[in-house]
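Everything below concerns the one structure shown next.
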Amino acid sequence: MDTLSAPEVLFVLGTARDGRESEKVFAFVTQVASERGDLAILRADVRDFPATRTGGLSPERAAEWSSLLTRARGIVIVAPEYNHSFPGELKLLLDSAYKEYREKPIAIVGVSNGTVGGARMAEQLKLVLIAFQATVVNAAVYVTTAPETFATTLPMNEPFWRGRVNGMLDEVHALMRG
Ligand SMILES: Cc1cc2nc3c(=O)[nH]c(=O)nc-3n(C[C@H](O)[C@H](O)[C@H](O)COP(=O)(O)O)c2cc1C
Numbered sequence: 525m526d527t528l529s530a531p532e533v534l535f536v537l538g539t540a541r542d543g544r545e546s547e548k549v550f551a552f553v554t555q556v557a558s559e560r561g562d563l564a565i566l567r568a569d570v571r572d573f574p575a576t577r578t579g580g581l582s583p584e585r586a587a588e589w590s591s592l593l594t595r596a597r598g599i600v601i602v603a604p605e606y607n608h609s610f611p612g613e614l615k616l617l618l619d620s621a622y623k624e625y626r627e628k629p630i631a632i633v634g635v636s637n638g639t640v641g642g643a644r645m646a647e648q649l650k651l652v653l654i655a656f657q658a659t660v661v662n663a664a665v666y667v668t669t670a671p672e673t674f675a676t677t678l679p680m681n682e683p684f685w686r687g688r689v690n691g692m693l694d695e696v697h698a699l700m701r702g
């Protein structure tokens with residue numbers, strides 16, 4: 525399949541924190557996705573959708589977010605664990621749309637500097653995705669000890685992480701509708 529006819533998947537970087545390790549993970553995940561050839565890549569960074577309150581996105585940014593979600597046939601969220609949950613800025617962005625998520629497969633890549641890999645964050649985020657009536661993808665990726673794992677652009681033990689990401693993306697692809 526050429527990427528022109530490939531289904532579009534939206535990859536969301538879910539933290540705006542200065543010095544975010546998740547940015548390196550996001551770059552790797554989108555690189556692996558683009559190398560497959562069976563997905564077309566859309567990207568969104570929460571930093572580009574600033575909101576300080578619920579419903580606080582500018583009309584232009586809200587329209588762009590809605591448009592990206594409408595185009596996407598699947599979504600992958602890369603987000604760190606902050607106090608066992610997801611970043612507040614990610615929730616503000618997710619809450620600025622609703623119907624656009626319905627029945628779309630959404631997968632989670634958790635990031636942490638400890639050994640849990642954002643798993644507690646992912647479990648909480650799944651509950652939010654259920655509220656959107658999205659299709660929660662079971663095959664999450666949990667990136668542990670992120671600063672060490674991603675000390676360079678490519679992760680330590682790259683084949684392992686590549687395999688995990690591709691397994692998740694296989695599931696996103698299989699659950700797409702239309
Ligand atoms: C406010 C805050 C809360 C955090 N809480 C947790 C946590 O509950 N569990 C955890 O494993 N790491 C936690 N961390 C550390 C993150 O795992 C660490 O920042 C990691 O590099 C991934 O996030 P990043 O993209 O912000 O760098 C926290 C970090 C911040 C800034």
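All you need for the numbering used here is the position in the sequence shown, starting with 1, plus 524.
Here a beta-carbon is modelled for each residue, glycine too, at the ideal position from N, C-alpha and C.
Since we're looking at a predicted model, the values are computed, not measured.
- DSSP places V635 inside the beta strand (DSSP E), whose first and last residues are 629-635.
- Under the three-state reduction of DSSP output, G598 falls in the strand class.
- Three or more Cβ pairs drawn from the region 612-626 and the region 568-578 lie within less than 8 Å of each other, which places the two stretches in contact.
- Annotation for R688: the continuous alpha helix (DSSP H) segment containing it runs 682-699.
- Going by DSSP, L537 is part of no alpha helix (DSSP H) but of the beta strand (DSSP E) stretching over 532-537.
- Between the region 590-606 and the region 620-629, the count of Cβ pairs shorter than 8 Å is three or higher; the stretches touch.
- Excluding sequence positions up to five before and after L563, its CB lies within less than 6 Å of the CB of A530, V533, A557, all in the same chain and listed in chain order.
- No residue range can be given for L581, since it is assigned to no beta strand (DSSP E) and is classified by DSSP as neither H nor E.
- Using a C-beta cut-off of 8 Å, the region 537-553 makes contact with the region 664-680, since at least three inter-stretch Cβ pairs fall below that distance.
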